[in-house]
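Quick note: the sequence shown uses numbering that gives the first Met the number 0, first residue 0, plus one each step.
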Amino acid sequence: MSLRVRLLISIALVLAFTLILGCGLIYWDALAKVDTEMTAALAVGLRTVQNATDDAEEAVNPLRQLELLVEDFNGNRHLRAFLMGNDGIEIDKSTLLIPSDPAPEWFNDLLQREPEDVHIFLPPPFARYGSIILSTDSHNEIDEVWNDFVITILTLALFCTLVLALVYFSLGAPMRLLDNMATAFKRVGDGDYRPRIRDKGPREVSILARRFNEMVARLAEIEHLNRRLQSQLATVQEEERVDLARDLHDEIGPLLFALNMDVSTLRLQDWTHSRERIISQLDAMSSAIGAIQSHVRSMLARLRPAVLLDLGLNHAVDNLVAFWSKRHEGISVRVELERESFGEKLDTTIYRIFQESLTNALRHGHPSLVEIKASGDEHGFLNVEVRDDGTGLATSDEDFGLGLTGMRERIESAGGSLVVGNRGDGQGVSVRARIPLPDCEEALAKEVVP
Ligand SMILES: Nc1ncnc2c1ncn2[C@@H]1O[C@H](COP(=O)(O)OP(=O)(O)OP(=O)(O)O)[C@@H](O)[C@H]1O
Ligand SMILES: [Mg+2]
Numbered sequence: 000m001s002l003r004v005r006l007l008i009s010i011a012l013v014l015a016f017t018l019i020l021g022c023g024l025i026y027w028d029a030l031a032k033v034d035t036e037m038t039a040a041l042a043v044g045l046r047t048v049q050n051a052t053d054d055a056e057e058a059v060n061p062l063r064q065l066e067l068l069v070e071d072f073n074g075n076r077h078l079r080a081f082l083m084g085n086d087g088i089e090i091d092k093s094t095l096l097i098p099s100d101p102a103p104e105w106f107n108d109l110l111q112r113e114p115e116d117v118h119i120f121l122p123p124p125f126a127r128y129g130s131i132i133l134s135t136d137s138h139n140e141i142d143e144v145w146n147d148f149v150i151t152i153l154t155l156a157l158f159c160t161l162v163l164a165l166v167y168f169s170l171g172a173p174m175r176l177l178d179n180m181a182t183a184f185k186r187v188g189d190g191d192y193r194p195r196i197r198d199k200g201p202r203e204v205s206i207l208a209r210r211f212n213e214m215v216a217r218l219a220e221i222e223h224l225n226r227r228l229q230s231q232l233a234t235v236q237e238e239e240r241v242d243l244a245r246d247l248h249d250e251i252g253p254l255l256f257a258l259n260m261d262v263s264t265l266r267l268q269d270w271t272h273s274r275e276r277i278i279s280q281l282d283a284m285s286s287a288i289g290a291i292q293s294h295v296r297s298m299l300a301r302l303r304p305a306v307l308l309d310l311g312l313n314h315a316v317d318n319l320v321a322f323w324s325k326r327h328e329g330i331s332v333r334v335e336l337e338r339e340s341f342g343e344k345l346d347t348t349i350y351r352i353f354q355e356s357l358t359n360a361l362r363h364g365h366p367s368l369v370e371i372k373a374s375g376d377e378h379g380f381l382n383v384e385v386r387d388d389g390t391g392l393a394t395s396d397e398d399f400g401l402g403l404t405g406m407r408e409r410i411e412s413a414g415g416s417l418v419v420g421n422r423g424d425g426q427g428v429s430v431r432a433r434i435p436l437p438d439c440e441e442a443l444a445k446e447v448v449p
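Following this line, the structure appears as structure tokens:
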């Protein structure tokens with residue numbers, strides 16, 4: 000059942016209960032009112048009869064006077080007067096007011112009171128003709144109560160209809176928003192980040208719509224970045240292959256060629272007379288093999304740090320530093336690693352931070368000193384820092400490029416945060432990452448938003 004129907008049913012039930020209670024109260028009040036009215040009408044009737052028969056001695060035509068008295072009660076709402084002869088035969092009687100809007104029979108049956116008859120014995124000379132009987136009749140009072148009841152019920156019914164209509168229309172906008180949001184969520188779930196929801200309407204509704212739109216915009220941004228990173232990754236892989244091919248060709252190729260030459264020369268040597276020459280040629284071959292090994296190692300470092308990380312973080316970082324030191328003479332890199340390893344996953348993250356930060360420093364900052372550090376703190380966090388004394392970030396560098404974006408995403412996916420900025424002392428750049436260590440990660444995972 001929809002929320003709107005549920006609410007309407009609940010309100011309708013409350014109103015119906017109030018209506019029934021109201022009817023009960025009206026009924027008890029009407030019973031009391033009919034009783035009071037009958038008693039009051041009888042009192043007035045008695046006084047009227049008394050006033051008319053008070054000056055009995057002055058009555059010229061007592062019978063006519065009594066008939067006039069009975070006629071006086073014609074059109075009375077609650078009382079009927081009867082003139083009864085002493086022989087018990089009715090001489091005259093008054094008529095009740097005929098109601099213009101009579102109550103239905105069932106309503107009459109509900110409130111009907113037994114008629115009350117009051118027999119009034121008259122003083123002489125009236126007593127000669129008989130006596131007066133006053134009889135109550137509640138029909139007219141019940142008709143009045145019925146008219147009040149109809150007005151009250153109609154007013155209450157109008158009130159209930161207005162309340163229900165108001166609730167129905169007030170819920171229209173939020174319900175439409177929820178419907179739109181469900182459709183939009185479905186599309187977002189299917190990978191379409193274009194849907195946006197109109198953020199007009201009641202405050203809560205517009206806040207919800209705005210937050211949804213912000214979330215979808217952020218997802219679209221991440222998706223866009225992801226695509227860019229993937230295409231960049233493909234390009235980088237292609238460039239890496241070209242680089243490796245060039246390295247193989249330029250570095251390893253000549254060495255293998257030289258080795259081949261040395262082997263051919265050795266084969267043609269006179270082995271008995273030129274021992275020293277042979278030894279020097281073997282030395283040359285051995286140094287060529289050493290050079291090949293070192294090239295293969297540095298290529299491996301670029302291709303698969305995991306291979307190097309198998310030998311330890313220290314070893315991998317040393318390789319990285321050696322790789323760049325060879326290509327940037329005069330640069331000094333200071334390394335401080337608090338532990339041999341921070342866990343397999345974190346070691347790779349640390350290595351990648353060092354790799355990108357060191358590459359950035361050398362590519363963009365031209366520093367003479369780069370300091371790289373990784374250490375744990377007492378709060379259970381790993382702090383990684385790379386500082387250089389190069390030219391620093393220009394103001395136009397406020398937007399991260401793909402390198403720093405990739406680094407930030409890697410760190411955030413490990414639950415950490417990244418700060419990149421110029422160093423306080425006005426020299427170079429500092430890259431600082433703070434990532435929860437595995438034992439601390441467990442504690443953070445238990446944090447539940449209420
Ligand atoms: N250590 C640094 N010294 C000076 N400028 C830096 C340093 N690190 C980053 N920058 C600036 O920040 C920009 C963004 O760096 P980022 O690594 O994201 O991209 P990139 O190095 O230009 O390209 P790539 O995607 O290949 O890494 C750089 O272009 C550079 O201008
Ligand atoms: Mg970079």
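Virtual Cβ for every residue (Gly too), placed ideally from N, Cα, C.
Does residue i pass the burial test, meaning 16 or more other C-beta atoms within 10 Å, or should it be called exposed?
i: Thr328; result: Checking the sequence shown, residue 328 turns out to be Glu, not Thr. So Glu328 ends up on the exposed side.
i: Lys445; result: Any reading at Lys445 is ruled out, since the residue's pLDDT is 49, under 50, leaving its predicted position unreliable.
i: Gln268; result: exposed
i: Tyr350; result: buried
i: Ile8; result: exposed
i: Arg5; result: exposed
i: Met214; result: exposed
i: Thr264; result: exposed
i: Ser285; result: exposed
i: Ser412; result: exposed
i: Asn60; result: exposed
i: Pro449; result: Model confidence at Pro449 stands at a pLDDT of 46, short of 50, so the residue's coordinates are unreliable and nothing is read from them.
i: Ser367; result: exposed
i: Trp145; result: buried
i: Tyr26; result: exposed
i: Asp242; result: exposed
i: Glu36; result: buried
i: Gly415; result: buried
i: Arg79; result: buried
i: Ser273; result: exposed
i: Ala102; result: buried
i: Ser297; result: buried
Mind reading off the beta-carbon distance from residue i to residue j? Whole number of angstroms is fine, and I expect it under 8 Å.
i: Asp91; j: Val117; result: That belief does not hold up - the Cβ atoms of Asp91 and Val117 are roughly 17 Å apart, past 8 Å.
i: Gly200; j: Leu176; result: 7 Å
i: Phe380; j: Leu436; result: 6 Å
i: Arg407; j: Phe399; result: 7 Å
Could you say which of the options lies nearest to residue i if we only look at CA atoms?
i: Ile410; options: Ser93, Asp388 and Arg433; result: Arg433
i: Phe81; options: Tyr128, Pro103, Gly415 and Pro123; result: Tyr128
i: Thr404; options: Ile221, Leu41 and Phe380; result: Ile221
i: Val487; options: His223, Lys185 and Ser169; result: The question about residue 487 has no answer, for the chain in this structure spans 0 to 449.
i: Glu89; options: Leu95, Ile131, Leu121 and Gly74; result: Ile131
i: Ala257; options: Asp282, Leu78, Ser273 and Leu243; result: Asp282
i: Leu121; options: Asp178, Ile277 and Thr47; result: Thr47
i: Thr94; options: Ile288, Pro114, Phe72 and Asp86; result: Phe72
i: Glu113; options: Ser273, Val33 and Lys185; result: Val33
i: Asp388; options: Met83, Gly415 and Arg422; result: Arg422
i: Ala393; options: Val385, Val419 and Asn146; result: Val419
i: Gly74; options: Gly44, Ala31 and Tyr192; result: Gly44
i: Ile196; options: Asp189, Pro173 and Gly190; result: Pro173
i: Gly23; options: Leu218, Thr151 and Asp142; result: Thr151
i: Asp86; options: Leu96, Ala126 and Arg79; result: Ala126
i: Arg338; options: Asn318, Leu319 and Leu312; result: Leu312
i: Tyr167; options: Leu255, Leu417 and Leu2; result: Leu2
i: His77; options: Pro124, Thr348, Leu109 and Ile141; result: Ile141
i: Asp261; options: Asp249, Leu247 and Ile288; result: Ile288
i: Leu12; options: Ile119, Asp376 and Val162; result: Val162
i: Glu343; options: Gly364, Gly190, Ala315 and Lys325; result: Ala315
i: Ala31; options: Arg266, Met406, Ala216 and Leu109; result: Leu109
i: Asn107; options: Ile291, Glu143, Leu153 and Leu96; result: Glu143
i: Arg326; options: Asp28, His294 and Thr154; result: His294
i: Asp100; options: Leu62, Arg79, Phe148 and Asp53; result: Phe148
i: Gly391; options: Asp309, Ile291, Leu255 and Arg362; result: Arg362
i: Glu384; options: Leu14, Leu401 and Thr348; result: Thr348
Hey, does residue i have any beta-carbon neighbour from chain C nearer than 8 Å?
i: Glu222; result: No chain C appears in this structure, which consists of one protein chain only.
Within the segment 237 to 278, ranges of the alpha helix (DSSP H) (whole runs, at least 4 residues): 252 to 267
Three or more C-beta pairs below 8 Å linking the segment 235 to 252 and the segment 196 to 215: no
Three or more C-beta pairs below 8 Å linking the segment 320 to 338 and the segment 369 to 379: Two segments are said to touch when three or more pairs of C-beta atoms, one from each, lie closer than 8 Å; by this definition the segment 320 to 338 touches the segment 369 to 379.
Every unbroken alpha helix (DSSP H) inside the segment 315 to 364 [4 residues or more]: 343 to 359
Touch test, the segment 17 to 28 against the segment 129 to 137, Cβ-Cβ under 8 Å, three pairs minimum: no
Beta strand (DSSP E) segments (min. 3 residues) lying fully within the segment 85 to 169: 89 to 92, 116 to 119 and 130 to 135
At least three beta-carbon pairs within less than 8 Å, the segment 340 to 360 to the segment 418 to 435: yes
Beta strand (DSSP E) segments (min. 3 residues) lying fully within the segment 366 to 442: You should have 368 to 375, 380 to 387, 416 to 421 and 428 to 435.
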